[in-house]
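In our numbering, the protein residues as written are 5 to 332.
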């Protein structure tokens, strides 16, 4: 069997872009819980996401006692001091308690520490972080601006880099849509974990999102760059055929890169401390989503746009690589 025949057989076996309806459906199933969660959170808490003190302002105090303590008993110390909106819960074990309350100053902290020592004995301060409400709102604004600016710059860069192919803006738009997909999948994960383990969106979540965006767009550009090369090489083949071949040619590279990154993240997740657990898990979900979207969504959207059909229907007038419309 000749090499060209083997390539065509492989392309038929892995008809990725032709099955785009399946890939879009899978994405929707992962994104839908996040949308439902944001609607529910907006209706019940006034914010679409469960925000930590990094964004809302407040104090986070993690304390480890010498003996097991009940979070309710710890909370009572703070309530008696006038902080009625305090939340306290165990983390790691029944000797470690994490307390969340409104922002306090050093003098108030000292008074609370004395009350805790008098009631439970000496304790170890594992974590203390206090952020004012003004700083929290500034972080929220900066986070939104960072994501929007990153998306716009990515759109402009890809459109400029692919200016030699027809409809270069489509490449940038599809890449940004894939990024939005990754963000929504990650939000869905955080929403589920908020219901299960009380996870919140903090500054590290923003770091994870920006890292995922960079990883995902890099993977997408690799695929798009191969499409650009093959469009010149196979000018008389259908656009969908060329893009599918490009995906197959870069598939091994994408998966190998993904596995390498995941091995590192898993190692940190297992061996790292509890403070990194949420960050690493969020990164893992985002990285997997980024690889999925660059392979199954970004290019499929590009083909759907070129063919004028969201789902593959075997169009008889599907465009060729050079943009011409011909009969099948």
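A virtual CB, placed ideally from N, CA and C, is assigned to each residue, including glycine.
By the 10 Å Cβ neighbour count, where 16 or more other Cβ atoms means buried, how is residue 234 classified, buried or exposed?
With 16 or more Cβ atoms within 10 Å of its Cβ, residue 234 is classed as buried.
In whole angstroms, what is the alpha-carbon distance linking residue 206 and residue 58?
Their Cα atoms are separated by approximately 6 Å.
Who are the Cβ neighbours of residue 191 in its own chain at under 6 Å, not counting the five residues just before and after it?
Exclusion of the five residues before and after residue 191 leaves 38 as the residues of its chain whose Cβ lies within less than 6 Å of its Cβ.
Span of the beta strand (DSSP E) around residue 94
Residue 94 -> beta strand (DSSP E) spans 91 to 95.
Start-to-end residues for the alpha helix (DSSP H) that takes in residue 281
Element bounds for residue 281: 281 to 296.
Could you check the C-alpha separation between residue 285 and residue 149 for me, to the nearest Å?
Rounded to whole angstroms, residue 285 to residue 149 spans 24 Å at the Cα level.
If you compare alpha carbons, which of 21, 55, 35, 30 is closest to residue 209?
Cα-wise, what sits closest to residue 209 is 55.
Secondary structure at residue 136, three-state DSSP: helix, strand or coil?
Residue 136 falls in the coil class under three-state DSSP.
Simplified DSSP assignment, three categories, for residue 256
The answer is helix: DSSP assigns residue 256 an H, G or I state.
Count the C-beta pairs between the region 19 to 38 and the region 289 to 305 that are closer than 8 Å, then say yes if the count reaches three, no if not.
With a cut-off of 8 Å on Cβ pairs, the region 19 to 38 is in contact with the region 289 to 305, counting three or more such pairs.
To the nearest angstrom, how far is it from the Cα of residue 196 to the Cα of residue 237?
Rounded to the nearest angstrom, the two C-alpha atoms are 46 Å apart.
From residue 71 to residue 92, what distance separates their C-alpha atoms?
Distance between the alpha carbons of residue 71 and residue 92 is about 16 Å.
At a Cβ threshold of 8 Å, is residue 297 touching chain D?
Reference to chain D is not applicable here, since this structure consists of a single protein chain.
Segment contact flag, the region 155 to 163 with the region 99 to 115, C-beta cutoff 8 Å, min 3 pairs
No, because fewer than three Cβ pairs between the region 155 to 163 and the region 99 to 115 fall closer than 8 Å, the two stretches do not touch.
Which word fits residue 311, buried or exposed, when buried means at least 16 other C-beta atoms lie within 10 angstroms of its C-beta?
Counting Cβ neighbours within 10 Å, residue 311 comes out buried, since at least 16 surround it.
For the region 135 to 210, list the alpha helix (DSSP H) runs that are entirely contained and at least 4 residues long, ordered along the chain.
For secondary structure counted as the alpha helix (DSSP H) over 4 or more consecutive residues, the region 135 to 210 holds these complete runs in sequence order: 137 to 165, 172 to 201.
Give the single residue among 169, 213, 165 whose Cα lies nearest to the Cα of residue 185.
Here the closest residue by C-alpha is 213.
Based on the DSSP secondary-structure assignment, which residues constitute the bridge partners of residue 104?
For residue 104, which the question treats as bridged, DSSP gives the partners 64, 91.
Can you check whether the CB of residue 306 is closer than 8 Å to the CB of residue 245?
Contact flag unset, no.
Could you tell me the boundaries of the alpha helix (DSSP H) in which residue 24 lies?
Here the alpha helix (DSSP H) through residue 24 covers 24 to 49.
DSSP three-state label for residue 99, please.
In this structure, residue 99 counts as strand in the three-state DSSP scheme.
Would you report the Cα separation of residue 330 and residue 239, rounded to the nearest angstrom?
Confidence is the limiting factor: at residue 330 the pLDDT is only 42, short of 50, which leaves the residue's position unreliable, though a coordinate-based value still follows. Those two C-alpha atoms are separated by around 13 Å.
Taking buried to mean at least 16 other C-beta atoms within 10 Å of its own C-beta, is residue 121 buried or exposed?
By the 16-neighbour rule on beta-carbons within 10 angstroms, residue 121 is exposed.
Can you name, in chain order, every residue of its own chain whose Cβ lies under 6 Å from the Cβ of residue 309, other than the five neighbours on each side?
Only 174 meet the Cβ criterion.
Can you round the beta-carbon distance between residue 264 and residue 226 to whole angstroms, since I take them to be within the 8 Å contact cut?
The pair is not a contact, with the Cβ atoms about 14 Å apart (cut-off 8 Å).
Which one of 62, 271, 69 has the shortest CA to CA distance from residue 90?
Taking only the C-alpha atoms, the option nearest residue 90 is 62.
So, at 7 Å on beta carbons, what are the nonlocal neighbours of residue 34 in its own chain, with the 5 sequence-adjacent residues on each side left out?
Once the five neighbours on either side are set aside, the close Cβ partners of residue 34 are 189, 192.
Can you grab the Cα-Cα spacing for the pair residue 111 / residue 134, in whole Å?
If you take the alpha carbons of residue 111 and residue 134, they lie about 13 Å apart.
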